[in-house]
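A.B. asks: These protein sequence lines are chains A, B, C and D, in that order.
When we follow our numbering, the leftmost residue of the first sequence carries the number 1, and every step to the right adds one.
When we follow our numbering, the leftmost residue of the second sequence carries the number 1001, and every step to the right adds one.
When we follow our numbering, the leftmost residue of the third sequence carries the number 2001, and every step to the right adds one.
When we follow our numbering, the leftmost residue of the fourth sequence carries the number 3001, and every step to the right adds one.
For glycine and all other residues, C-beta sits at the position ideal for the given N, C-alpha and C.
Note that this is a predicted model, so its numbers are computed, not measured.
There are 4 protein chains.
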Amino acid sequence: MSTPETPSPEQPEIIRVGMVGHAFMGAAHSHAWRTAPRFFDLPLVPELSVLAGRDAARVTAAASRLGWASTETDWRALVERDDVDLVDICTPGDTHAEIAIAALRAGKHVLCEKPLANSVAEAEEMADAATQAAARGVYAMCGYSYRRTPALALARSMVRDGRLGTIRQVRAQYLQDWLSDENAPLTWRMDKAKSGSGALGDIGAHSIDAAQFVTGQSITGVSAIMETFTKDRPVGGDFVGLGGSGAVGADVERGPVTVDDAVIFSARFDGGPIGVFEASRAALGRKNAMRLEVNGSRGSIAFDFEDMNYLNYYDAGSGADADSLGFRRINVTEAHHPYTGNWWPVGHGLGYEHGFTHQVVDLLTAIGAGTQPTPSFSDALQVQRVLAAVEHSAGKDSRWTSVD
Amino acid sequence: MSTPETPSPEQPEIIRVGMVGHAFMGAAHSHAWRTAPRFFDLPLVPELSVLAGRDAARVTAAASRLGWASTETDWRALVERDDVDLVDICTPGDTHAEIAIAALRAGKHVLCEKPLANSVAEAEEMADAATQAAARGVYAMCGYSYRRTPALALARSMVRDGRLGTIRQVRAQYLQDWLSDENAPLTWRMDKAKSGSGALGDIGAHSIDAAQFVTGQSITGVSAIMETFTKDRPVGGDFVGLGGSGAVGADVERGPVTVDDAVIFSARFDGGPIGVFEASRAALGRKNAMRLEVNGSRGSIAFDFEDMNYLNYYDAGSGADADSLGFRRINVTEAHHPYTGNWWPVGHGLGYEHGFTHQVVDLLTAIGAGTQPTPSFSDALQVQRVLAAVEHSAGKDSRWTSVD
Amino acid sequence: MSTPETPSPEQPEIIRVGMVGHAFMGAAHSHAWRTAPRFFDLPLVPELSVLAGRDAARVTAAASRLGWASTETDWRALVERDDVDLVDICTPGDTHAEIAIAALRAGKHVLCEKPLANSVAEAEEMADAATQAAARGVYAMCGYSYRRTPALALARSMVRDGRLGTIRQVRAQYLQDWLSDENAPLTWRMDKAKSGSGALGDIGAHSIDAAQFVTGQSITGVSAIMETFTKDRPVGGDFVGLGGSGAVGADVERGPVTVDDAVIFSARFDGGPIGVFEASRAALGRKNAMRLEVNGSRGSIAFDFEDMNYLNYYDAGSGADADSLGFRRINVTEAHHPYTGNWWPVGHGLGYEHGFTHQVVDLLTAIGAGTQPTPSFSDALQVQRVLAAVEHSAGKDSRWTSVD
Amino acid sequence: MSTPETPSPEQPEIIRVGMVGHAFMGAAHSHAWRTAPRFFDLPLVPELSVLAGRDAARVTAAASRLGWASTETDWRALVERDDVDLVDICTPGDTHAEIAIAALRAGKHVLCEKPLANSVAEAEEMADAATQAAARGVYAMCGYSYRRTPALALARSMVRDGRLGTIRQVRAQYLQDWLSDENAPLTWRMDKAKSGSGALGDIGAHSIDAAQFVTGQSITGVSAIMETFTKDRPVGGDFVGLGGSGAVGADVERGPVTVDDAVIFSARFDGGPIGVFEASRAALGRKNAMRLEVNGSRGSIAFDFEDMNYLNYYDAGSGADADSLGFRRINVTEAHHPYTGNWWPVGHGLGYEHGFTHQVVDLLTAIGAGTQPTPSFSDALQVQRVLAAVEHSAGKDSRWTSVD
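1. List in chain order: all unbroken beta strand (DSSP E) runs of 3+ residues lying wholly within the region 264–339 of chain A.
2. What whole-angstrom Cβ distance do Gly2198/C and Asp2260/C have, given they're in contact under 8 Å?
3. Hey, is Gly326/A's beta-carbon within less than 8 Å of any beta-carbon in chain C?
4. Between Thr1333/B and chain A, is the shortest Cβ-Cβ distance under 8 Å, so that the two count as touching?
5. Have a look at the DSSP bridge pairing and note the partners of Ala99/A.
6. At the level of alpha carbons, what is the spacing between Gly2326/C and Arg156/A?
7. Under the assumption that Ser2398/C contacts Arg1399/B (Cβ atoms under 8 Å), give the Cβ distance between them as a whole number of angstroms.
8. Do Trp2075/C and Ala2052/C have their C-beta atoms closer together than 8 Å?
9. Output needed in chain order: residues of the region 1342–1358 of chain B with a Cβ under 9 Å from some Cβ in chain A.
10. State the CB to CB distance for the pair Asn2288/C and Ile2301/C, rounded to an integer number of angstroms; the pair is presumed to be in contact (CB under 8 Å).
11. Can you give, in chain order, each stretch of the beta strand (DSSP E) that sits fully within the region 15–93 of chain A and has at least 3 residues?
12. Which full runs of the alpha helix (DSSP H) of 4+ residues lie inside the region 3098–3165 of chain D, going along the chain?
13. Per the contact definition of three or more C-beta pairs closer than 8 Å, is the region 372–389 of chain A in contact with the region 130–143 of chain A?
14. What in chain D is Cβ-close to His1337/B, meaning under 9 Å?
15. Alpha carbon to alpha carbon, how far is Phe1024/B from Ile1225/B?
16. Beta carbon of Ser3223/D, beta carbon of Ser3402/D: below 8 Å?
17. I want to see whether chain A comes within less than 8 Å of Tyr3314/D, judged by CB atoms only; does it?
18. By the criterion of Cβ-Cβ separation under 7 Å, what are the contact partners of Ile3264/D in chain A?
19. Going by beta carbon distance, what residues of the same chain come within less than 7 Å of Gly3117/D, once the five residues before and after it are set aside?
20. Counting only C-beta atoms, is Trp2178/C closer than 8 Å to chain B at any point?
21. Kindly confirm or deny that the region 3269–3280 of chain D and the region 3203–3217 of chain D touch, where touching means at least three C-beta pairs closer than 8 Å.
22. List the residues of chain D whose Cβ lies closer than 9 Å to the Cβ of Gly162/A, in chain order.
23. Should Ile2330/C be flagged as near chain A, meaning a C-beta pair shorter than 8 Å?
24. Would you mind sorting Met1001/B into buried or exposed? The rule is 16 or more other CB atoms within 10 Å of its CB.
25. Compare the Cα-Cα distances from Gly26/A to each of Arg1058/B, Ser1049/B and Trp1343/B and report the closest residue.
26. State yes or no: is the beta carbon of Leu1066/B nearer than 8 Å to at least one beta carbon in chain A?
27. Check whether the region 1302–1310 of chain B and the region 1146–1165 of chain B touch, using three or more Cβ-Cβ pairs below 8 Å as the test.
28. Enumerate in chain order the residues of its own chain whose CB-to-CB distance from Gly3244/D is below 7 Å, with the five nearest sequence positions on each side excluded.
29. Out of curiosity, what's the CA-to-CA distance linking Met3290/D and Pro3115/D?
30. DSSP three-state label for Gln217/A, please.
31. Could you confirm whether any beta carbon from chain D is found closer than 8 Å to the beta carbon of Leu1284/B?
32. For Val1084/B and Val1050/B, I'd like the C-alpha separation in whole angstroms.
33. How should Ala389/A be labelled, buried or exposed, when 16 other C-beta atoms within 10 angstroms of its C-beta is the threshold for buried?
34. By Cβ distance below 7 Å, which residues in the same chain neighbour Ala3282/D in space, the five residues on each side in sequence not counted?
35. Could you compute how far the alpha carbon of Leu3111/D sits from the alpha carbon of Asp3202/D?
36. Distance cutoff 8 Å, beta carbons only. Does Leu3154/D sit that close to anything in chain B?
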């Protein structure tokens, strides 16, 4: 006899999500909303309620593909809908402040993509709005998803438990190469008005958040240089990619690149360590090399997102055998590692999108418990201040610049 | 104004899936059925219609967690349901033949987990049933999902295009360590009646399929040894895992292990190459090291599933610069690599479950086109014959044993 | 004031060396004899007394280049010279027995390159002669130099100390690619009469010795296949190498290859473990990949000579933190690692020739102490028996063949 | 009949070497002088004539061990000896200028360890003296030996041949960990008066030279921070090392560390690229990680001295197959790679000391040809200016500081 499924009495509550934006981040977030309840026990089960996008045809197609029940062409309408409990912001940085503040004021929880905003002023307003909302039990979180990579979560717990001893040095690189080709086309990510900055905010922001998260310390000052290798790029050109003929016709219109291709900065943290950071979208051959190394007095960790299921850990603690010290390559997929017990057997690695699923898990767990999810908008504001200090230093002969 | 989504007229057809079994493989398959249509254009969109499991409470809970619309406690009922177009078999090997043959006779397409069966005789019956069904437009496929790893699909295309020259050597290892601890508990995977064999059929079968798939050649003979290191294991013992105290009480009941912990065999392929295979579930420190290396006269490839987003490729072709030969580590996540253009930007790696999603994509694409999906049951029968030859050789002083 | 160096009273004794052969191995041994006393405290300081080679002009030039004080064109004369205390045999395998036995009978210590001989019969005679000589305080050793790689010496000590627990599996590969090109020229190494066998004796012998050395166990039986991919090769052809035009004229004379390009065998050891071995000189892209992995019940080690300064070690012992298990990459150049304290600071890696220098150190230390150096000729005879069993099995349908 | 070796008529000329200093660098240089003529054809064959050291007993013992024919206890005597044609300076940096200038004035060729001096002023005097000497056919070279690593020499030739396209980014790290332990003892390397600086001059100088050598460009400006983590260290304490008990008694006298443990700086090169440099002797777990990565518009290279026999090379040139781009791991030991044809077969790796042997080869080849060896003292002076600019910037709030 067939048994149509009946809901059990302890069925968890539903939380209805409205998402703004449906490009790369929208696809990643949609997957996370759909997938989290299938692998994790959540106090709130997400429902993909509304998707907003400016173009009616495109948003309709995206909703169908990504699994959203309905659409809006104006985010303001989405924010006001009764069937939306949480607003997920996946748009370029110049729109974050307005959407997030409106959503919080409308009593909706908010998940906002990083970087929080395109300026410290905007980020401050957002953090203020979030603080006020939190007092009413409405929570905001910023989407620094790399924190949710199991290897980095494990690194965080090792530092917190003192297994690295006193932290002395941090080195963080985020290297990509999709702008190595001078004929890669111009997009909003190379337009300062839309994106705020280039490699700095796009990927360097992840390094800053991850370095502060893993060390549990804040950056207090920086010295920086920034560089744009390719000053203009084809507008709507027929990009054939690296290794191709590179034959972009001489008659293709080119527009100005107004952001950095690469940024380098040194930093000091409030607990004593020094750090070196580099972000580049022109490091030929590096695809998504988000790397973090932390050296302490008793141990070190090293991570590379191109090898995301591993954490390298060097333990020089007193229990170590002197003849067998070495970085150990931990396959961070054991049942007792962060997040991974809910997935596959050990060694059956996770991918990029799992970070977003874990982000949903952590967000809904906090909201369900009535506690502030992290990173809060205040945490993300602090990252924004580091970004601003980097730009300031780079514009002032690399002079040391305090954060705040 | 809100716009509830309306189906477009060219909406693809629905294919209703019934799945039998809801453990590890059931979770992986469910994820694939849910996810494939969100990232790929499919001629048939899967609907998670019915889940079957013997225990009513457990199957109901699993259906809710995994997203199935209804349940059955008898697979026979599932096979007969009108709202099932395709039967997905995720049970231990001793049940494959009966379910698959019944489903095919009922006019349902079939996806059956590997190995195809626990004996050549069963596999032959299944292949016969599949051949007859195919004549009626009903298709069967076996779930050798590792073929769908982008790196191995790329390796296959390189060999097919002649980029490795004449293939000379194959070395395949599949190394895990979850049975290294002699107190790891007894399960059906260590019971020959249920599983057919141990490391051989569980993981060695993947290596055989992958080696034949990548080379495009078939194994013609083998010489083998098999070994069981731990002869009995705790029944329902309180397993504390490696690195723990290992304190399983002396009074814990132990039951016999009736399968191999490890198997080693040499092989010859019909196109000339020799091969060496090893499968072990007691290779301490190796978590899911499914490795394949193929050496040709002009090039080589090397793969390790513990590093699944990479293919290592050595090109000694005539165009190569003599001073810069070396294995290149290809991050197989570019837009033009197999499958990966539908996922994330380059370098944002995939995980274990993507192979299952790709399996659904390939299966539905073939069914939609009215063509035989691969590996067919006949292909999987050939793997079964290799497994049987390995066991035969191991039982006969490693004597060389032809496949068939 | 200048102070010409005066010998100190405790100056160690001199040992005068006569070496036969001055090709690749001769150069490596000469370097070792010259270098050992500069870095290690030795009871006997070697003097490079006589070099023998058949061609007068070539041996004279070699002596000048390599630092030998005089020459002979007949090894028999060298063996009889009063100013030779130790004979170092660096010739092809077909001459080892005659030279070694003559030298031992003449009261000279002997260092003989591996494999010990081209047949078990010869090796038995050599071992007998060595046993008789040892009774008179004259010692013989076989040159399995890979044992002296610090990483493998460390692996040996770990196994001996029980840090791997019960040994279960051994996997050994020795992969090179200099015979991948079918136009690589014919040399004595492809002539069975000179070399005894191909990849098996040339490089597989090293794997056998290393596996037995590290585990402290002996191989008791094998099952094997052997293959020659390229049946004939240019005699004196103008080899242009991989990546070149490959244009060996059709008129170049080709001679038969009478040895194996590759060999694969499974093995059992006397303490219980199973093993899988592969040696190939046609594994395109692998240059000197002498790899050894040993899995035990508590730990594992993995080594690759292409990365010779590292030992990978997995420790699952009870003291290990469950969340940080992983292969640790030990840079085996610390002051307390085997041999390395006499060289450079940690991380300043050693190279291929250091194994030969360590071989001289170990040999002279044993002779100085009046003890048998290892591997003795009897140890090397046992390796010879494994080689013979492999060839026998390969010729008998891979049937299991006992060693002895 | 025995044939005592007779010199051939075309015997190359002898060059008599006098070396000052016999610690770590002295041992490495001695090995190089002894070994170079055994593997390379040289126009001048070095004779190890005189060794100078302040303590008569210690210099006599060192000469015996290292192979020097006589000794001096005052370097001034060595410089004046008739049987010295070349002076090799292996002392701390505070003595370089005086010895080098005296030697050049005495008409001796000079090889001087790096960094050239402890100040720009001294380095300028040395460069002047070298320029004057060169006019008389007497040559000086500075010992930046890492240039002679085959992999870096290959990288240089790739950049010179345009295979990387336009160079955009340089990242250089030199990470060690021997000062991670706060109880590692105080030596001259932590005394600014002797060593000039800490990590900066000791190891950062190598990175600067290597980056400029490989790119063929000069650093024009820098912004820097420097840090000393451990402010005082035991004087003659009983150091037990990492992993040990760390039990240095509270009563052990400690002295001040007057140099940097770590330095970070960004840089610009005269051809356009930006660079990031880091040197640390407190990066726990890194033993001798001298790393260099260079990204161009068409290709990239990456090197790590902990893996010194490899160069990683990414080729995005127009001939590349789009589906097989990746860093290729070149085993730089082929016959046609720089220096390596004179050593062993491919894959039989080299070690740390080979760089010093190659240094001798290049130096004697240049002297024999009557040409200026590189890096000249002027080249080394430029490195000194970068070091000074780094220190200046670090003392001035990281302000951008021009070199010169």
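C.D. replies: So, from the data block:
1. 274–280, 289–296, 299–304, 310–315 and 327–331
2. 4 Å
3. yes
4. yes
5. The amino acid occupying residue 99/A in the given sequence is Ile; Ala does not appear at that position. Beta-bridge pairing links Ile99/A to no other residue.
6. 18 Å
7. 7 Å
8. yes
9. Trp1343, Trp1344, Pro1345, Val1346, Gly1347, His1348, Gly1349, Leu1350, Gly1351, Tyr1352, Glu1353 and His1354
10. About 19 Å separates the two Cβ atoms, so there is no contact after all.
11. 44–52, 70–72 and 86–89
12. 3120–3135 and 3150–3160
13. yes
14. Asp3323
15. 29 Å
16. no
17. yes
18. Ser266, Ile274 and Val276
19. For the record, residue 3117/D in the displayed sequence is Ala; it is not Gly. Excluding sequence neighbours, Ala3117/D sits near Gly3093, His3096, Ala3097, Ala3123, Met3126 and Gln3384.
20. no
21. yes
22. What Gly162/A touches in chain D: nothing, since even the nearest Cβ is about 14 Å away.
23. yes
24. Summary for Met1001/B: the model assigns pLDDT 39, below 50, so the residue's position carries little reliability; its value from the coordinates is reported in the next sentence. Met1001/B comes out exposed.
25. Trp1343/B
26. yes
27. yes
28. Annotation note: pLDDT 37 at Gly3244/D (below 50); position unreliable, no value reported.
29. 16 Å
30. coil
31. no
32. 7 Å
33. buried
34. Asp3177, Leu3179, Ser3180, Phe3229, Asp3261 and Ala3262
35. 17 Å
36. yes
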